[in-house]
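Colleague:
There are 2 protein chains.
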Amino acid sequence: MANKEVTIKDVAKLAECSPTTVSRVINNSDHPVSKDTAEKVEAAIEKLNFSPNRIAQGLKSDKSNIIGVIVHDICDSYFAQMVKGIEEFISGHEYIVNIYNTSRSVEKELYAVSMLKANRADAVVFAGGALMDKEYEKKMYSIVEQLKGQGTVLLGVTPHPFDINNISLGNKKAAAIIADYLVENGHRKIAFIDGPEKLYTSYLRREGLKESLLKHDLDLEDELIFPGDFSFEGGRKAALKLLDKIDEITAVVGANDATALGLIWELNNQGIKVPSDISVVGIDDLPEAKYSYPPLTTISLPIHQLGTNIGKYLLESLTSDQITDLINIEMQLIKRKSVKKLG
Amino acid sequence: MANKEVTIKDVAKLAECSPTTVSRVINNSDHPVSKDTAEKVEAAIEKLNFSPNRIAQGLKSDKSNIIGVIVHDICDSYFAQMVKGIEEFISGHEYIVNIYNTSRSVEKELYAVSMLKANRADAVVFAGGALMDKEYEKKMYSIVEQLKGQGTVLLGVTPHPFDINNISLGNKKAAAIIADYLVENGHRKIAFIDGPEKLYTSYLRREGLKESLLKHDLDLEDELIFPGDFSFEGGRKAALKLLDKIDEITAVVGANDATALGLIWELNNQGIKVPSDISVVGIDDLPEAKYSYPPLTTISLPIHQLGTNIGKYLLESLTSDQITDLINIEMQLIKRKSVKKLG
DNA sequence: AATTTGATGGAAAACATTTTCCAAAGTCAA
DNA sequence: TTGACTTTGGAAAATGTTTTCCATCAAATT
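Those protein sequences? They're chains A and B, same order as listed. Oh and the first sequence: position 241 is 241 in the UniProt record's numbering, straight run, nothing missing. Oh and the second sequence: position 177 is 177 in the UniProt record's numbering, straight run, nothing missing.
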C-alpha cells in the first residue's frame, strides 16, 4: 500500500514547472531545457525520492519491459544456469525477467504464455517441454501461435520447424562425439540410459548415438537402451536393471550427467568398478560431474554461456533494430576418468 | 512489435456495446449485464483473441502484480528450491515473479530494489546478502527504507531487527542440534568449516555450534575453525588444511552441505575414511547429500516448503486483508552414515 | 523596423483500462 | 396514472506518463 504515490505532477509543482518539463529532464529528451530548471527538477526528484512509474510509461510506450522465461525446472542445474545467464544480461538493462516453472506440463506452459501475453511481454524464452506426441504437438502449435511476432526464442522445442528463432542445442552432435570417442577407445558393446520418454531431447541424444555408432558398423541394440528420466534416481534404477547384462557391455552412456552420476553411484554401490569393469559417460558437464568416483567423462554444453548469449541477443533485438547473429555455443568432450581404453 | 493491439474498444465495437460493458463482463462486476449482451461480448473476445492489457489495468488499479524475488544465486540448490516454492504458489495466481540474482553484491541488491520500486512491485522477497559489516549495514538500511510499507519478506537478512517481516531460518538451532548429536555420540574435539566471511548466516551457524558446545563444557577452538565459502570447492580446500590436525579431531561440521560434501570428497581422496577416521556433518539436506560416500548426516531445512509458505503468505496478505500467521518450517536431523559413535 | 530563428516551456491529447455517475426503460404497487 | 424501484447501459473522468502542437521571448538577420 504505497502511501499515495509520488507522481511527476508533484515533482512539477515543487520544481515550479510543468509535468512536460519534468518528463523532458527524466528522459533527457532532445527538446532543450534550461540548465536552471533542469537543476530544480533534479532537486525536486531527489527530495521527493521520485521514480517514474514504469507501468504508466509502459502504457504510453506499449512496452512492458518484461521478458518471460519458461523452463521445465529451475532447480535443475541445467536450466538454473541458463536462467542465470539470461538474468545477468537482461536485468541490468532495466528489464524484468519473469520466470515460469512448468514441470513439463502443457497446461502450465499454456498458462505461462497467456500470462505473458496479457502482460504484453516484450520477449519470451521458451525452454519448455518438447514432447514427441501428437496431442502435445497440437497444443504446442497453439502456444507458438500466441508467441509469434514477439521477440522470442524457442529452445530445441519440437521436431517441427516454426518460423521463430528455434535454437538447436547440438544434442545429436554431443552424442555423436561420445560415440566416436568410445569406439576409438575400443568399445563395441555400448548401452544407453534414455531420457524421459517422448522428450525430444531424449530422442535427439539417442538417435545421435545410434546414427554415429552405425557409421562404425555398430548397433545400439534395443535391449541395451534402458529407460531413464534425466534424474540421479533414474540413473540408479537403470544401473540395477543393467546388472544382468553387465558382462557383455563395456560402456554405457547416460542421456545426461545426472543419470550418469546416478549410474556410477549405484554401480559403486553394487561393487562394480568404473571404469575398470565398465565405462560411463554423460552429457552436460554439470558442476558436480568432476566430483564423482571416478570423475565423469562428459560433454560440456556451456549452458550458462548460452543464457548470456540469449540475453544479449534479445537485448539487441529489442533495442537496436539491427539483425544480430545466431546464437552459438561450442561443445567439448571433457575427458576425465570414467572411460577406460580397451585392448 | 504487436501488430496493433486489440483493445477493449475493438471488442465493444464488434459486440455492439460500450467499453464499459465489456469491462463489466471481463471482470464479472456487480453491475448487471444481460445474458444476451454478455454472450455477444464473450463471442467478440473469443473472435478477436482479446486479452485485457494488464499494464493498463495496473495503471488504473495501482497494482503491478509483480512480486520481486532477490536472491544471491539461483544456481545454488538452496535458493533454487526456495524460488521454485514461491513460484509454484504465486505464478498460478496471476502474479509475475521477477527474479534478481545479486551474487551478494550490494550494488546489485540496490539496483534490484530500485527496479522493483520503479515497477511498483506489489511485494518483494529479499533473501539477500546479510553481511555483518558496518558499510554494508548502512547500505542495507537504505535498501530496507525503500522496501518499507510494501508487502515484503526479509529472509534472515541482517542482525538488526527491521520492522518488516524478517524471517529467521533457525540457523542457530540447526547448529545446536548437531552439537548435541555429536556430543551424544562421544565426540569431544570438533572442528568447523565456516561459511563466507562476514555473512550473517555463517555467524549464526558458527555461534550456534559454539554456544551449544559450551553447554556441554566443550570449546569450539579458534584454530579448529577453518575458513570456507559455502561451496564444494571451499570444503575441499578446508579438508586439505584440516589434514594437520586430523589426529586430534574426531568430528567436523560443515557450515552447509556443499562444504561438507566437498570435505568428504577430498578426505576420501586423501585416503581418510569417513566416518571411521573422522565424522562429518552438514546443514541443509541438499538432494545430493544422500549420495556422498558415505551418505551425509545433516539437518534438513525444508527450503522448498519455506518458499511455498512465503508464497502463500504473500498471496494472502495481498488479496485478503486478514493478517496471516508467521511462516514456520520444521527442521530435522537426518541421520545417515557420516557420523560414527565413539567409545 | 520587420522578420526570422532558436531556445524554452506549457496545454492537451493519447495510451487501455476501470469507475463513478447518470439515463432510459420496464415493472410494480398504490 | 403516478411514483418508486430495478435492470441495463453509456459518457466521461481518472490513473501517470509521453508526445504533439503551440506560445512566448529574446536574439539575430534582413
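The beta-carbon is built from N, C-alpha and C at its ideal position, and this holds for glycine as well.
Which residue from A:192, A:179, A:204 and A:187 puts its Cα closest to that of residue 212 of chain A?
Modeller: The shortest C-alpha separation from residue 212 of chain A is found at A:179.
Colleague: Am I right that residue 67 of chain A and residue 98 of chain A are in contact with their C-beta atoms under 8 angstroms? What's the rounded C-beta distance?
Modeller: Right, their Cβ atoms sit about 7 angstroms apart.
Colleague: Does the beta carbon of residue 75 of chain B sit closer than 8 angstroms to a beta carbon anywhere in chain A?
Modeller: Chain A contact via Cβ: present.
Colleague: Determine the DSSP secondary structure at residue 335 of chain B, reduced to helix, strand or coil.
Modeller: Three-state DSSP puts residue 335 of chain B in coil, outside helix and strand.
Colleague: Helix or strand or just coil, what does DSSP make of residue 285 of chain A?
Modeller: The answer is coil: DSSP assigns residue 285 of chain A none of H, G, I, E or B.
Colleague: In the DSSP assignment, the alpha helix (DSSP H) including residue 79 of chain A goes from what residue to what residue?
Modeller: From DSSP, the alpha helix (DSSP H) with residue 79 of chain A extends over 77–91.
Colleague: Looking only at its chain, what residues have a beta carbon closer than 8 angstroms to the beta carbon of residue 152 of chain B, apart from the 5 residues adjacent to it on each side?
Modeller: Same-chain partners within the cutoff: 123, 124, 125, 126, 164 and 165.
Colleague: I want to see whether chain B comes within less than 8 angstroms of residue 56 of chain A, judged by CB atoms only; does it?
Modeller: It does; some Cβ of chain B falls within 8 angstroms.
Colleague: For residue 275 of chain B, which residues in the same chain have their Cβ closer than 6 angstroms to its Cβ, ignoring the five residues on either side in sequence?
Modeller: The answer, listed in chain order, is 338, 339 and 340.
Colleague: Quick one: what does DSSP say residue 1 of chain A is sitting in, helix, strand or coil?
Modeller: Caution applies to residue 1 of chain A, whose pLDDT of 35 falls short of 50 and renders its modelled position unreliable; the model cannot decide the point.
Colleague: Name the chain A residues whose beta carbon is nearer than 8 angstroms to that of residue 81 of chain B?
Modeller: Neighbours of residue 81 of chain B on chain A, chain order: 75.
Colleague: Alpha carbon to alpha carbon, how far is residue 174 of chain B from residue 143 of chain B? Give it in angstroms, no decimals.
Modeller: One C-alpha to the other measures close to 28 angstroms.
Colleague: From residue 59 of chain A to residue 46 of chain B, what distance separates their C-alpha atoms?
Modeller: One C-alpha to the other measures close to 23 angstroms.
Colleague: Which two residues bound the contiguous alpha helix (DSSP H) that contains residue 232 of chain B?
Modeller: Segment 232–242, the alpha helix (DSSP H) holding residue 232 of chain B.
Colleague: The beta strand (DSSP E) that contains residue 101 of chain B, what's its start and end?
Modeller: Looking at the DSSP string, the run of the beta strand (DSSP E) that includes residue 101 of chain B is 96–101.
Colleague: Short of 6 angstroms in beta carbon distance, which residues of its chain neighbour residue 297 of chain A, apart from the five on each side in sequence? Order them along the chain.
Modeller: Closer than 6 angstroms at Cβ, skipping near neighbours: 281, 335, 336, 338 and 339.
Colleague: Does any C-beta atom of chain A lie closer than 8 angstroms to the C-beta of residue 51 of chain B?
Modeller: Residue 51 of chain B counts as touching chain A.
Colleague: Which residues of chain A have a Cβ atom closer than 9 angstroms to the Cβ of residue 6 of chain B, listed in chain order?
Modeller: Going along chain A, no residue has its Cβ under 9 angstroms from residue 6 of chain B, so there is no contact; the nearest lies around 11 angstroms.
Colleague: Give a yes or no on contact between the region 254–273 of chain B and the region 230–237 of chain B, applying the rule of three or more CB pairs nearer than 8 angstroms.
Modeller: Flag = yes, the region 254–273 of chain B and the region 230–237 of chain B touch.
Colleague: Helix, strand or coil for residue 292 of chain A? Go by DSSP, reduced to three states.
Modeller: It is coil, neither helix nor strand.
Colleague: With burial defined as no fewer than 16 other Cβ atoms inside 10 Å of the residue's Cβ, what is the status of residue 93 of chain A: buried or exposed?
Modeller: Label assigned to residue 93 of chain A: exposed.
Colleague: Got a sec: is the Cβ-Cβ distance from residue 118 of chain B to anything in chain A below 8 angstroms?
Modeller: So, interface residue.
Colleague: Quick check: is the beta carbon of residue 59 of chain B nearer than 8 angstroms to any beta carbon in chain A?
Modeller: Chain A contact via Cβ: present.
Colleague: If you measure between the beta carbons of residue 191 of chain B and residue 224 of chain B, is that distance less than 8 angstroms?
Modeller: Cβ distance < 8 angstroms, so residue 191 of chain B and residue 224 of chain B count as in contact.
Colleague: Could you pull the DSSP bridge partners for residue 125 of chain A from this structure?
Modeller: Answer is A:69 and A:153, bridged to residue 125 of chain A.
Colleague: Using CA atoms only, rank isn't needed, just tell me which of A:89, A:65, A:107 and A:111 is closest to residue 95 of chain A.
Modeller: Considering only alpha carbons, the answer is A:65.
Colleague: From what residue to what residue does the beta strand (DSSP E) around residue 252 of chain B run?
Modeller: Residue 252 of chain B -> beta strand (DSSP E) spans 251–254.
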